[in-house]
Amino acid sequence: MTLYLYEIAGLPGRAEVDQAIKTLDAEVHRAGGELIEAQVTGQHRLFVVAEFADGPLQLDAASAGAAELTGPHEVRLVGAELDQLKAARPTAGYLVEWDLPAELDMESYLTRKKANAPKYAQVPEVNFLRTYVRVDMDKCLCLYDAPDEDAVRRARVAVQTPIDRLYGLESGGQ
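In this note's numbering, each residue carries its 1-based index in the sequence shown increased by 10.
Structure, rendered in structure tokens:
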């Protein structure tokens, strides 16, 4: 089974976001996949991760009722086990996007991540939950449970990793 990321923007409000999640969930299941999670930013940007055995579902923005849809992009889950994620569905409060440097490959990324992960202990109020790193090495999405944005920023400094975009997440994702 392979994980794929879809990013959806241009949804005017929370009702449209909720409808897009329901529509995507139904389409993913019809295609034989499983919706792993959907994270919603305060700006109604939607990050959806789905699992498929036989290749990803091709979607367009109109099918999600959105102005913009990118993906599917194959992603690798780092820092969590998929079975545990499916069972627990831990709630994230913040999502960080990091546009990966062109010279960084997956092996180097994973080595760096493993070496820096213990440094999260320097910011005990932040709980790193998981990362989805695009296999094409374009970017990664890191999910955190933290009291505020400043705490997430301190955690990123501790692990010596930049922030390109930081989103507060709304509750009610999947």
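Beta carbons: idealized from backbone N, C-alpha and C, even for Gly.
8 Å Cβ cutoff met for residue i and residue j
i: Ala-98; j: Val-136; result: no
i: Glu-17; j: Thr-101; result: no
i: Tyr-142; j: Leu-15; result: yes
i: Arg-140; j: His-83; result: no
i: Gly-75; j: Glu-26; result: yes
i: Glu-61; j: Leu-13; result: yes
i: Leu-151; j: Gly-103; result: no
i: Gln-109; j: Asp-160; result: This sequence places Asp at residue 109; Gln is not what is there. No, Cβ-Cβ distance for Asp-109 and Asp-160 is not below 8 Å.
i: Val-169; j: Tyr-130; result: yes
i: Leu-153; j: Leu-105; result: yes
i: Asp-35; j: Leu-45; result: yes
i: Ala-19; j: Ala-72; result: no
i: Val-88; j: Lys-32; result: no
i: Ala-63; j: Met-11; result: yes
i: Val-85; j: Val-58; result: no
i: Glu-117; j: Lys-149; result: no
Buried or exposed (CB count within 10 angstroms, at least 16 for buried), residue i
i: Pro-66; result: buried
i: Thr-51; result: buried
i: Arg-24; result: exposed
i: Arg-55; result: buried
i: Ala-30; result: buried
i: Gly-42; result: exposed
i: Ala-112; result: exposed
i: Gln-49; result: buried
i: Ala-156; result: buried
As assigned by DSSP and simplified to three states, the class of residue i
i: Arg-163; result: helix
i: Ile-31; result: helix
i: Val-145; result: coil
i: Gln-170; result: coil
i: Ala-60; result: strand
i: Val-38; result: helix
i: Leu-92; result: helix
i: Glu-26; result: helix
i: Leu-15; result: strand
i: Gly-182; result: Below a pLDDT of 50, predicted positions are generally treated as unreliable, and Gly-182, at 49, falls in that range; no measurement from the model is reported.
Cross-strand partners of residue i (DSSP beta bridge)
i: Ala-48; result: Val-58
i: Asp-155; result: Asn-137
i: Leu-87; result: Tyr-142
i: Leu-79; result: Ile-18
Closer than 8 Å to chain D by CB, residue i
i: Asp-146; result: The displayed structure is made up of one protein chain only, and chain D is not part of it.
Q: Go through the segment 94-130 residue by residue and report every complete run of the beta strand (DSSP E) that reaches 3 residues or more, in order.
A: 104-109
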